[in-house]
Structure formats: structure tokens, C-alpha cells
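If you're matching them up, the sequences are chains P and U in order. Those letters in the first sequence? Residues 2 to 313, by my numbering. Those letters in the second sequence? Residues 409 to 683, by my numbering.
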Amino acid sequence: MADVKKIATRESYGNALKDLAEEFPQLVVLDADLAGATKTGIFKKAYPDRHIDCGIAESNMMGIAAGLALTGKIPFASSFAMFAAGRAFEQVRNSIGYPHLNVKIGATHAGITVGEDGASHQCNEDIALMRTIPGMVVMVPSDDIEAKAAVRAALEHEGPVYIRFGRAAVPVINDKPDYKFEIGKGQLVREGKDVTIVATGIMVDSAIGAAEKLAAEGIDAEIINICTIKPIDKDIIIKSAQKTGKVVTCEEHSVIGGLGSAVCEVLADEYPVKVKRIGMQDVFGESGSASDLTHKYGLDAEGVYKQVKEFV
Amino acid sequence: MDNLQLKKYANEVRKGIVTSTHSAKAGHPGGSLSAADVFTFLYFEEMNIDPKNPEKEDRDRFVLSKGHTAPGLYSALANRGYFPVEDLKTLRKLGSYLQGHPNMHIPGVDMASGSLGQGISAAAGMALGAKLGNKDFRVYTLLGDGEIQEGQVWEAAMFAGFRKLDNLVVIVDNNGLQIDGPVDEVCSPYPIADKFKAFNFNVVEIDGHDFDQIRSAFNNAKETKGMPTCIILKTVKGKGVSFMENKADWHGKAPNDEEYATAMADLAKIDETLC
Numbered sequence: 002m003a004d005v006k007k008i009a010t011r012e013s014y015g016n017a018l019k020d021l022a023e024e025f026p027q028l029v030v031l032d033a034d035l036a037g038a039t040k041t042g043i044f045k046k047a048y049p050d051r052h053i054d055c056g057i058a059e060s061n062m063m064g065i066a067a068g069l070a071l072t073g074k075i076p077f078a079s080s081f082a083m084f085a086a087g088r089a090f091e092q093v094r095n096s097i098g099y100p101h102l103n104v105k106i107g108a109t110h111a112g113i114t115v116g117e118d119g120a121s122h123q124c125n126e127d128i129a130l131m132r133t134i135p136g137m138v139v140m141v142p143s144d145d146i147e148a149k150a151a152v153r154a155a156l157e158h159e160g161p162v163y164i165r166f167g168r169a170a171v172p173v174i175n176d177k178p179d180y181k182f183e184i185g186k187g188q189l190v191r192e193g194k195d196v197t198i199v200a201t202g203i204m205v206d207s208a209i210g211a212a213e214k215l216a217a218e219g220i221d222a223e224i225i226n227i228c229t230i231k232p233i234d235k236d237i238i239i240k241s242a243q244k245t246g247k248v249v250t251c252e253e254h255s256v257i258g259g260l261g262s263a264v265c266e267v268l269a270d271e272y273p274v275k276v277k278r279i280g281m282q283d284v285f286g287e288s289g290s291a292s293d294l295t296h297k298y299g300l301d302a303e304g305v306y307k308q309v310k311e312f313v
Numbered sequence: 409m410d411n412l413q414l415k416k417y418a419n420e421v422r423k424g425i426v427t428s429t430h431s432a433k434a435g436h437p438g439g440s441l442s443a444a445d446v447f448t449f450l451y452f453e454e455m456n457i458d459p460k461n462p463e464k465e466d467r468d469r470f471v472l473s474k475g476h477t478a479p480g481l482y483s484a485l486a487n488r489g490y491f492p493v494e495d496l497k498t499l500r501k502l503g504s505y506l507q508g509h510p511n512m513h514i515p516g517v518d519m520a521s522g523s524l525g526q527g528i529s530a531a532a533g534m535a536l537g538a539k540l541g542n543k544d545f546r547v548y549t550l551l552g553d554g555e556i557q558e559g560q561v562w563e564a565a566m567f568a569g570f571r572k573l574d575n576l577v578v579i580v581d582n583n584g585l586q587i588d589g590p591v592d593e594v595c596s597p598y599p600i601a602d603k604f605k606a607f608n609f610n611v612v613e614i615d616g617h618d619f620d621q622i623r624s625a626f627n628n629a630k631e632t633k634g635m636p637t638c639i640i641l642k643t644v645k646g647k648g649v650s651f652m653e654n655k656a657d658w659h660g661k662a663p664n665d666e667e668y669a670t671a672m673a674d675l676a677k678i679d680e681t682l683c
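Structure below.
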């Protein structure tokens with residue numbers, strides 16, 4: 002796969018905000034001293050009057066976003082996932098979720114691909130936290146195209162939305178002519194009959210790589226990209242489970258509470274099959290390069306391949 | 409509005425507080441009663457509002473950051489005509505829209521609150537929204553003196569001072585008591601005025617039960633440009649009900665039937681002085 006275009010979804014986030022600013026005049030962007038890293042700096046450069054730096058005070062930032070939404074603005078509150086979903090969880094829950102305000106949370110640097118900063122900054126818990134809040138939409142885009150589509154969808158959606166972006170550059174995989182994004186709809190990335198791999202975020206690319214290796218050994222994997230973890234696309238998961246009878250989930254997140262749990266909830270209710278959950282196995286991360294870390298924790302194509310093969 | 413009329417309304421607000429918490433057998437009468445005069449002033453004189461059109465766009469906004477004193481807010485809203493006073497008796501009961509803490513389904517409530525320290529941020533966000541949208545409505549938020557122990561209050565204060573939100577008034581109900589006892593014995597927030605001054609606020613300290621002083625403080629806030637105002641109300645927790653006054657115990661306890669009768673008799677006596 003020579004010449005694969007790579008871009009970090011946080012970059013897509015900053016670009017999308019800038020590109021959508023004219024179309025959505027109510028859009029304002031909040032940050033907590035991380036505009037350079039979250040890439041909202043791209044928006045800030047183009048629309049300085051619509052960018053509000055709240056300083057290193059994420060709890061207050063969520064409240065400011067709530068207040069702005071109550072005056073008709075559409076605020077995107079941005080920070081690292083650790084601080085947006087972690088530190089400010091209760092503010093998001095009580096000041097945004099409970100009053101069901103039109104606030105969007107753009108959380109970058111999620112998961113272990115934060116890399117060298119280490120475990121303190123590698124948030125593997127945000128999907129779990131955010132999806133427990135009633136009425137919250139939770140999206141984890143897999144590439145540049147999906148990230149931009151998710152930002153637009155969030156702006157068009159009335160109500161709170163959490164979008165998870167990554168730090169590391171990832172391949173563009175949704176550049177197909179029939180690609181269409183809709184909140185709550187999964188994408189069938191690859192048809193197969195032996196095992197279903199349900200992946201989210203950067204793990205969709207790992208799943209594609211794993212499926213190629215599996216195919217070489219006669220294992221035909223179906224891949225479903227779940228960008229919207231809440232509300233989750235039950236139909237696409239159940240339909241595939243009925244076909245293959247075996248499901249593997251892949252996420253750059255704890256296996257507790259995230260995509261794996263969400264898929265298990267759907268299957269336990271509707272069509273119980275055996276499920277293997279690939280992700281962070283209830284451990285903290287550590288410092289290292291993104292690629293070394295995804296390899297060590299079994300989240301690269303090789304790791305997914307091995308775990309799926311063992312499972313089937 | 410003349411002070412006598414305000415005092416009459418404030419006494420009605422206090423009756424609503426006592427009645428609703430008695431009916432609920434729960435709730436927070438102490439801090440509701442200490443703030444009853446400022447609730448009355450805000451809803452009967454100060455704020456540009458319309459009970460018949462609670463959502464009107466150019467209205468002034470109020471955020472009850474100390475959300476547990478919902479009985480005080482609800483009683484003021486009911487007496488101002490947002491909903492029937494009779495409904496106060498449904499407070500905290502299953503199926504009632506009068507939730508234990510304010511939420512978005514109550515006519516006149518501009519922001520859900522109850523988790524301390526968060527309301528002031530939302531109020532600052534609203535004030536910023538007014539500035540960004542070139543709207544001239546004002547935003548008021550009421551905090552407890554125990555509540556300001558929350559770190560988020562100071563994040564918000566820094567933000568409001570830095571952003572020169574002169575359309576924001578932060579009111580601190582300084583009744584001196586929190587659940588565990590006197591605020592300066594639990595974890596002292598004093599000096600309160602100096603703290604807000606340090607965050608670039610215009611600060612006014614007044615007797616929170618004196619309508620002349622209250623009026624003058626809010627006028628001062630309106631005249632102050634380039635900085636938000638903090639009004640520190642020196643108040644008596646439980647004000648108006650003899651056995652509740654200055655008792656931390658009445659922070660979050662409802663009067664029983666006998667206590668209810670005594671409380672209402674106390675308030676009836678106040679009525680007699682207001683003829």
C-alpha cells in the first residue's frame with residue numbers, strides 16, 4: 002500500500018471547524034490552552050473573534066459552553082479527551098447533558114496513540130464515560146473524511162455530541178464514492194462470512210490490515226466501522242452476527258465500557274454470540290511512540306490478526 | 409416598587425418556602441429563607457422578565473448556582489406568576505415538575521443547577537453570549553458562601569473578570585453557615601470580597617435583608633462598566649422563621665407539622681407589621 006494519504010483526525014477537526022464557520026454563523030470554538038494541539042488553532046487563525054480560550058480550566062469551559070448554547074450559539078468545547086471527558090465529566094453530565102444543551106465536545110488526543118506523554122494523558126475511558134450520559138451522541142471517526150463528516154453532522158444535530166479525535170496521523174480509508182455519513186449508521190467496510198470485526202476509530206484501519214492477513218489464510222472476515230457508538234447501529238451488528246456467528250470488537254479504549262461493551266449489550270439483548278473484545282485490557286498505557294504502543298498492546302493490524310485468528 | 413410592597417412579596421415567598429418544604433418533608437429552607445429578599449427583588453423589581461413569556465429572547469437571565477435553594481426560587485417564580493402558588497406543595501414529589509433542584513422543564517428556570525460551583529460558569533457563558541451577540545440582557549447568578557469553596561467558582565471568576573463581563577452580577581448569599589457548621593470553621597472562604605476583587609470584580613457588600621441597600625447595589629452593578637460585579641449579601645440563614653434563624657441544622661431539613669404551624673405563625677406576625 003504505497004502512497005497512502007495519512008492525516009490525524011484532530012487536524013481534520015480543526016479544518017472542518019474552519020470550513021464550516023461561514024455556513025454555521027452560530028458556531029464558536031472554545032479551548033483550554035491547547036488550541037495548537039487540538040488544532041482549533043486553525044479555526045482561531047481564520048476567525049479569532051469566534052475562538053474563546055478559557056485557559057487551563059476545563060470544568061469552567063464546559064459551563065461557559067453551556068451558557069453560550071443557552072444564548073443560541075453552537076459551541077465546540079475542545080480539549081484532550083482526558084480533560085474533556087475525564088476531569089470535566091460531571092460538568093458535562095450536569096451542565097450539558099442533563100439540560101440537553103446544544104454543546105459539542107471535540108476531544109482530541111484520545112487513546113494510547115497520544116504516545117510519548119504516557120498514561121496520564123492516554124484516555125482509554127472517555128467512550129465509557131460519555132455514553133452513560135442520557136441523550137449524548139458519541140462519535141469516534143476513523144479517518145479524515147469521517148472526522149469532517151462527523152463535525153458537520155454534529156453541527157446539524159440538535160443536542161449534546163461528543164466526538165473523539167486522535168493525535169497520530171492515520172490513513173484515509175473512507176475515500177469511496179458511495180461513502181455516506183449519518184449519525185447512528187455503521188458502515189460495512191468489507192463483506193465476509195467467517196467472523197465479524199466491529200471496529201471504531203483508528204482500529205478500523207487495523208481491522209482492514211488484519212482482514213487481509215486472515216484472507217490469505219482462508220478466513221473471510223466481515224468488517225463493520227462503527228463511528229457512532231451512541232446511538233449504536235444495532236441492525237448492522239445483529240445482521241452480521243447472524244451471518245458469521247462470531248464477533249470481535251476493536252477499539253483504542255478500555256475493553257470495559259466502550260465499543261466492546263456497547264456491542265455486547267446489543268448482542269446480549271438481541272442475538273447472543275461469542276464476542277472477543279480487543280482493546281486496552283484493563284491496564285494503563287505508558288510512554289512510547291504511537292506505533293510501538295499499538296504494537297505492544299495488540300492494536301495494530303498484526304495484533305488484531307493474531308487475536309482474531311486465535312478466536313475463530 | 410416601594411419597599412413595603414417588596415417586603416410583603418418577600419413574606420409570601422417565605423411562606424411558599426416553608427409550605428413547600430413542609431409538604432415535601434425535605435428540601436432546604438435555611439438558605440432559601442436567607443435569599444428570599446434577593447429572590448423577591450430580582451423577580452419583582454430588578455429583572456426584565458415576563459412570566460407570561462418565560463422564554464422571551466431579550467429577558468434577563470438568572471442562574472441559581474446554589475441550586476439546593478430551589479424552594480426559594482420556585483416560590484418567587486410562583487408568586488411572580490410563572491406557575492400556580494398551589495403547585496409549590498408538589499415540590500420533590502414523584503410526577504411533579506418541581507424537582508428537588510432546578511431543571512429545564514420548570515417555567516422561568518434558565519439553567520439546570522444543583523451541583524455546586526457550576527451555575528456561575530453557565531451564567532458567565534450566557535453573559536459572554538450576550539456580548540458576542542450584541543444583546544443587552546443581563547445575567548444574574550446566586551451562590552452560597554459554602555459553595556464558593558468549589559474551585560470551579562474561581563475558574564469562572566477569573567474568566568468573567570478577564571472577559572470584562574459587566575453584564576454579569578454574581579451574588580453571594582453570605583449567611584455564614586453550611587451543612588457541617590459555620591463556613592469559617594468548616595473551611596473558611598473569607599475574605600470573600602478581597603477574593604472577588606483580586607479577580608477584577610467590582611465588589612459591593614450589603615445587608616441582604618435591606619431593600620434600599622439591595623437596590624443601590626444592583627444600580628451600582630448596572631453603572632459599573634468594564635468589570636463584573638459581585639454583591640455579597642450579609643444574611644441570616646433561616647431569616648423570618650424564629651427557630652430556624654442562624655441554625656446550620658435547618659440547612660436541609662423540613663419542618664414537621666408542629667414546626668410548620670409555628671413558622672407560619674411567625675410569618676403571619678411579620679404580615680401584621682407590614683400593614
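For glycine and all other residues, C-beta sits at the position ideal for the given N, C-alpha and C.
Spatial neighbours of Ala22 (chain P) within its chain, please: C-beta separation below 8 Å, excluding the five flanking residues on both sides. Position 21 of the first sequence, counted from the first residue, corresponds to residue 22 (chain P). Once the five neighbours on either side are set aside, the close Cβ partners of Ala22 (chain P) are Leu28, Phe44, Ala47, Tyr48, Arg51.
With DSSP as the reference, please indicate the residues paired to Ile224 (chain P) in a beta bridge. Numbered from its first residue, the first sequence carries residue 224 (chain P) at position 223. Ile224 (chain P) is bridged to P:Arg191, P:Ile198.
Whose C-beta lies closer than 8 Å to the C-beta of Asp468 (chain U) among residues of the same chain, with five residues either side of it excluded? Within the second sequence, numbered from 1, the residue matching residue 468 (chain U) stands at position 60. Glu454, Met455, Asn456, Ile457, Phe545, Arg546, Val547, Tyr548, listed in sequence order.
Going by DSSP in three states, Met635 (chain U) sits in which element: helix, strand or coil? As a working mapping, residue 635 (chain U) is identified with position 227 in the second sequence. Residue state for Met635 (chain U) is assigned as coil, using DSSP reduced to three classes.
Can you pull the chain P neighbours of Glu563 (chain U), defined as C-beta to C-beta under 7 Å? Numbered from its first residue, the second sequence carries residue 563 (chain U) at position 155. The answer, in chain order, is Ala58, Ser60, Asn61.
Burial state of Cys683 (chain U) (16 or more Cβ within 10 Å): Here residue 683 (chain U) refers to the residue found at position 275 when the second sequence is read from its first residue. Its Cβ having fewer than 16 others within 10 Å, Cys683 (chain U) is exposed.
Taking the straight line between their C-alpha atoms, what separation do you get for His296 (chain P) and Val115 (chain P)? Residue 296 (chain P) sits at position 295 when you count from the first residue of the first sequence. Residue 115 (chain P) sits at position 114 when you count from the first residue of the first sequence. Here the alpha carbons of Val115 (chain P) and His296 (chain P) stand approximately 14 Å from one another.
Between Gly527 (chain U) and chain P, is any beta-carbon pair separated by less than 9 Å? To locate residue 527 (chain U), count along the second sequence from 1; it is residue 119. Yes, Gly527 (chain U) counts as interfacial toward chain P.
Through-space distance from Gly73 (chain P) to Thr109 (chain P), alpha-carbon basis: Stepping through the first sequence from its first residue, residue 109 (chain P) is reached at position 108. Stepping through the first sequence from its first residue, residue 73 (chain P) is reached at position 72. Thr109 (chain P) and Gly73 (chain P): Cα-Cα distance of roughly 25 Å.
With 16 other Cβ atoms within 10 Å as the buried cut-off, status of Glu218 (chain P): As a first step, residue 218 (chain P) is located in the first sequence; it is residue number 217 there, counting from the start. Classification for Glu218 (chain P): exposed.
Give the residues of chain P in contact with Met455 (chain U), contact being defined as C-beta atoms less than 9 Å apart. Working through the second sequence from its first residue, we reach residue 455 (chain U) at position 47. Simply none; closest approach about 16 Å.
Where the alpha helix (DSSP H) through His430 (chain U) begins and ends: Here residue 430 (chain U) corresponds to residue number 22 of the second sequence, with the count starting at 1. Per DSSP, His430 (chain U) belongs to the alpha helix (DSSP H) from 411-432.
Are the C-beta atoms of Met635 (chain U) and some chain P residue less than 9 Å apart? What you label residue 635 (chain U) is simply residue 227 of the second sequence in a count that begins at 1. It does not; no Cβ of chain P falls within 9 Å.
Under 8 Å by Cβ, that's how I've got His254 (chain P) and Gly280 (chain P) pegged, so tell me the actual separation to the nearest angstrom. On the first sequence, position 253 is the one that residue 254 (chain P) refers to. On the first sequence, position 279 is the one that residue 280 (chain P) refers to. With 8 Å as the limit, His254 (chain P) and Gly280 (chain P) qualify as a contact, their Cβ atoms being about 5 Å apart.
Who are Lys40 (chain P)'s beta bridge partners in DSSP? As a first step, residue 40 (chain P) must be located in the first sequence, where it is residue number 39. Lys40 (chain P) is not bridged to any residue.
So the candidates are U:Tyr490, U:Ile514, U:Ile622; which of them puts its Cα closest to the Cα of Met409 (chain U)? Here residue 409 (chain U) is taken as the residue at index 1 of the second sequence, counted from 1. Nearest C-alpha to Met409 (chain U) among U:Tyr490, U:Ile514, U:Ile622: U:Ile622.
Which of helix, strand or coil does DSSP assign to Val591 (chain U)? In the second sequence, the residue the question calls residue 591 (chain U) occupies position 183. DSSP places Val591 (chain U) in helix when its eight states are reduced to three.
Can the beta-carbon of Ala302 (chain P) be found closer than 9 Å to that of Ile209 (chain P)? One-based indexing of the first sequence puts residue 302 (chain P) at position 301. One-based indexing of the first sequence puts residue 209 (chain P) at position 208. Judged by their CB atoms, Ala302 (chain P) and Ile209 (chain P) are nearer to each other than the 9 Å cut-off.
Would you kindly report the start and end of the unbroken beta strand (DSSP E) that includes Asp20 (chain P)? Within the first sequence, numbered from 1, the residue matching residue 20 (chain P) stands at position 19. The continuous stretches of beta strand (DSSP E) do not include Asp20 (chain P), which lies in the alpha helix (DSSP H) extending over residues 10-21.
What in chain P is Cβ-close to Asn511 (chain U), meaning under 8 Å? What you label residue 511 (chain U) is simply residue 103 of the second sequence in a count that begins at 1. Correct list: Tyr99, Pro100.
For Asn582 (chain U) and Gly552 (chain U), what's the separation of their Cα atoms in angstroms? Start at 1 with the first residue of the second sequence, and residue 582 (chain U) comes out as number 174. Start at 1 with the first residue of the second sequence, and residue 552 (chain U) comes out as number 144. Cα to Cα, Asn582 (chain U) sits roughly 7 Å from Gly552 (chain U).
Neighbourhood of Lys7 (chain P) by C-beta, 8 Å cutoff - its chain only, sequence neighbours within 5 removed: Taking the first sequence and counting its residues from 1, the one referred to as residue 7 (chain P) is at position 6. Closer than 8 Å at the Cβ level, and outside the excluded window around Lys7 (chain P), lie Ala170, Val171, Pro172, Val173.
Note down the Cα distance separating Ile528 (chain U) from Phe491 (chain U), rounded to an integer number of angstroms. Indexing the second sequence from 1 puts residue 528 (chain U) at position 120. Indexing the second sequence from 1 puts residue 491 (chain U) at position 83. The straight-line gap from Cα to Cα measures roughly 25 Å.
Do Gly68 (chain P) and Met519 (chain U) have their beta-carbon atoms positioned less than 9 Å apart in this structure? What you label residue 519 (chain U) is simply residue 111 of the second sequence in a count that begins at 1. What you label residue 68 (chain P) is simply residue 67 of the first sequence in a count that begins at 1. The beta carbons of Met519 (chain U) and Gly68 (chain P) sit closer together than 9 Å.
Rounded C-beta distance between Val264 (chain P) and Val199 (chain P)? I'm assuming under 8 Å. To locate residue 264 (chain P), count along the first sequence from 1; it is residue 263. To locate residue 199 (chain P), count along the first sequence from 1; it is residue 198. At roughly 5 Å, the Cβ-Cβ gap stays under 8 Å, so Val264 (chain P) and Val199 (chain P) are in contact.
The alpha helix (DSSP H) spanning Asp206 (chain P) covers which residue range? As a working note, residue 206 (chain P) is residue 205 in the first sequence. For Asp206 (chain P), the enclosing alpha helix (DSSP H) starts and ends at 204-217.
Every unbroken beta strand (DSSP E) inside the region 515-600 of chain U [3 residues or more]: Note on the region 515-600 of chain U: whole beta strand (DSSP E) runs with a minimum of 3 residues are 547-552, 576-582, in chain order.
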